[in-house]
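Enquirer:
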Amino acid sequence: MKAVRYHRYGASDVLVYEEAARPVPAAGQVVVKVAGTSFNPVDAAIRAGYLQQVFPVTFPHVPGIDVAGSVAEVGAGVIGWKAGDAVVGFLPMNADGAAAAYAVPAEILAAAPQTVEPADAAALPAVGLTAWQSLFEHAGLKAGQSVLVNGAGGAVGGYAVQLAAQAGAVVTATAGARSADRVRGHGAEKIVDYAAAPVTGAGERFDVVLNLVTTSPQETAALVGLVADGGVFVSTTTPGQDDTDRDVRAVRVFARSDAVQLAELVTRVDAGDLKIDVAARRPLSDLAAVHDEAVTGRLAGKTVLTPA
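For the sequence shown, the working numbering gives the first residue as 172, with consecutive numbering after it.
1) What are the boundary residues of the beta strand (DSSP E) that includes PRO454?
2) Go ahead and pull the three-state DSSP assignment for HIS232.
3) Quick check: does the Cβ of GLY322 come within less than 7 Å of any heavy atom belonging to the ligand FAD?
4) Check the DSSP bridge columns for ALA271 and list the partner residues they point to.
5) Indicate the three-state DSSP secondary structure (helix, strand or coil) for SER305 in the structure shown.
6) Straight-line CA distance for ASN211 to LEU300?
7) According to DSSP, which residues form a beta bridge with LYS253?
8) For the alpha helix (DSSP H) that GLY402 lies in, which residues bound it at each end?
9) Measure the alpha-carbon distance for GLY443 versus ASP416 and round it to whole angstroms.
10) What residue does the alpha helix (DSSP H) around LEU436 start on, and which one ends it?
11) Please state if the CB of ALA206 and the CB of GLY240 are separated by a distance shorter than 8 Å.
12) Find the nearest neighbour of ALA290 within the set VAL258, VAL342, ARG176, VAL298, judged by alpha-carbon distance.
13) Compute the Euclidean distance between the alpha carbons of HIS309 and ILE279, then round it to the nearest angstrom.
14) If you run the structure through DSSP and keep just helix, strand and coil, what is GLY260?
15) Between LEU306, PRO369, LEU436, LYS313, which has its C-alpha nearest VAL405's C-alpha?
16) Which residues does DSSP list as the beta-bridge partners of ASP364?
17) Could you tell me whether the region 263-280 touches the region 223-237, where touching means 3 or more Cβ pairs closer than 8 Å?
18) Return helix, strand or coil for ASP418, following the three-state DSSP convention.
19) How many angstroms separate the CA atom of GLN200 from the CA atom of LEU383?
20) So VAL332 is in the alpha helix (DSSP H); what residue range does that whole segment cover?
21) Is the region 368-382 in contact with the region 393-408, if contact means three or more CB pairs nearer than 8 Å?
22) Which whole runs of the alpha helix (DSSP H) in the region 187-242 are 4 residues long or more, in chain order?
23) Compute the distance between the beta-carbons of ALA331 and THR345, then report whether it is under 8 Å.
24) Where DSSP assigns a beta bridge to GLU244, which residues make up the other side?
25) Is it true that the region 266-273 meets the region 225-234, where meeting means three or more beta-carbon pairs spaced less than 8 Å apart?
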């Protein structure tokens, strides 16, 4: 089969589109014929070796933590899946991923959405689960609360705005001119154009601040300052510090695979309550270029990659 692999840590040029052996399922595993995977920033960090102490990989390594496709083969002891089932999943960070014609997940799959193209479902798992866990597990967001989503124009931000609005929260979002209309359509009641003025200068406070943007220590502290007394600062990037004087809690999020939560997200997609946004669809052979564009800031939105 064709796959993208890298044989050492390094820049985007270590990614090679090459022949690889088709995986064989062990007990409890299924082989998925990949319809699509997607790029996540953590893919580039792992490839560069920045996270090798946390997520060490075995070379050659196949990247791609999101998978969407159909079951091609089931291993011994697998219950609930059969050949032909459409599935979606968030793969382990340091296992071989889905940038290939076939992938081998175990115990992390959910039935794929029926209302979107099979490949586009790959834009849901990692970022959708990050948004869900940030808002509801870590922040405990409830109806009537106010939330600031900093970086709402990105992939996680789009889901976070939708989920927060559906939960009955009052959503303020930072977004540039390019994504403002989309973010407003997702349910944000107020849009702050970060290019025009910093959100930290608005003087408003929020029950929850969700930071999805890489920020300096000073910027992070200013964002924590926007949290109302007793509130929560949640960040997927730069960690904040608790403010014990005001009972403000700071949480750093590391998303995990959760098939039950993913199934709930899929249900919302099929009900028309959650929109999957795909900025670009490209062949898997373009993955090195996608990594390069991401590192240099030229990648806009969620990119789905499909095998030939």
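Cβ atoms here follow ideal geometry from the backbone N, Cα and C, with glycine treated the same way. This one's a predicted model, so the numbers in the text were calculated from it and none came from an experiment.
Expert: According to the data block:
1) Position 283 of the sequence shown, counted from the first residue, corresponds to residue 454. Here the beta strand (DSSP E) through PRO454 covers 451-454.
2) The residue you call residue 232 lines up with position 61 of the sequence shown. The answer is strand: DSSP assigns HIS232 an E or B state.
3) Of ligands this structure carries none, so the ligand FAD is not represented either.
4) As a first step, residue 271 must be located in the sequence shown, where it is residue number 100. In the DSSP assignment, ALA271 is bridged to ALA174.
5) Position 134 of the sequence shown, counting from 1, holds the residue named residue 305. Three-state result, SER305: helix.
6) As a first step, residue 211 must be located in the sequence shown, where it is residue number 40. As a first step, residue 300 must be located in the sequence shown, where it is residue number 129. CA-CA distance, ASN211 to LEU300, rounds to 13 Å.
7) Locating residue 253 in the sequence shown gives position 82, where the first residue counts as 1. Paired residue(s): none; LYS253 is not in a bridge.
8) As a working mapping, residue 402 is identified with position 231 in the sequence shown. Run containing GLY402: none in the alpha helix (DSSP H); it sits in the beta strand (DSSP E), 398-406.
9) Position 272 of the sequence shown, counted from the start, is the residue given in the question as residue 443. Position 245 of the sequence shown, counted from the start, is the residue given in the question as residue 416. Distance between the alpha carbons of GLY443 and ASP416: 43 Å.
10) The residue given as residue 436 occupies position 265 in the sequence shown. Judged by DSSP secondary structure, LEU436 falls within the alpha helix (DSSP H) whose first and last residues are 430-441.
11) As a working mapping, residue 240 is identified with position 69 in the sequence shown. As a working mapping, residue 206 is identified with position 35 in the sequence shown. Taking 8 Å as the Cβ cut-off, GLY240 and ALA206 qualify as a contacting pair.
12) In the sequence shown, counting from the first residue as 1, residue 290 sits at position 119. Shortest Cα-Cα distance from ALA290 to any of VAL258, VAL342, ARG176, VAL298 involves VAL258.
13) Walking along the sequence shown from the start, residue 309 turns up at place 138. Walking along the sequence shown from the start, residue 279 turns up at place 108. So the two alpha carbons sit approximately 21 Å from each other.
14) Within the sequence shown, the letter at position 89 stands for residue 260. Note: GLY260 maps to strand in three-state DSSP.
15) The count along the sequence shown starts at 1 and reaches residue 405 at position 234. The shortest Cα separation from VAL405 among LEU306, PRO369, LEU436, LYS313 belongs to LEU306.
16) As a first step, residue 364 is located in the sequence shown; it is residue number 193 there, counting from the start. In DSSP, ASP364 forms no bridge with anything.
17) As far as the Cβ criterion goes, the region 263-280 touches the region 223-237, which means the pair count is three or higher.
18) Start at 1 with the first residue of the sequence shown, and residue 418 comes out as number 247. Residue state for ASP418 is assigned as coil, using DSSP reduced to three classes.
19) Residue numbering aside, residue 200 sits at position 29 when the sequence shown is read from its first letter. Residue numbering aside, residue 383 sits at position 212 when the sequence shown is read from its first letter. Their Cα atoms are separated by approximately 33 Å.
20) Sequence index remark: in the sequence shown, residue 332 carries index 161 (1-based). Residue range 326-337 is occupied by the alpha helix (DSSP H) that includes VAL332.
21) Using a Cβ-Cβ distance cut-off of 8 Å, the region 368-382 and the region 393-408 are in contact, since at least three pairs of beta carbons, one from each stretch, lie closer than that value.
22) For the region 187-242, whole alpha helix (DSSP H) runs of length 4 or above, ordered along the chain, are 212-219.
23) On the sequence shown, position 160 is the one that residue 331 refers to. On the sequence shown, position 174 is the one that residue 345 refers to. Between ALA331 and THR345, the gap from beta carbon to beta carbon reaches 8 Å or more.
24) Reading the sequence shown from its first residue, position 73 is the one you call residue 244. Listed as beta-bridge partners of GLU244 by DSSP are VAL202.
25) Result yes; three or more Cβ-Cβ pairs closer than 8 Å.
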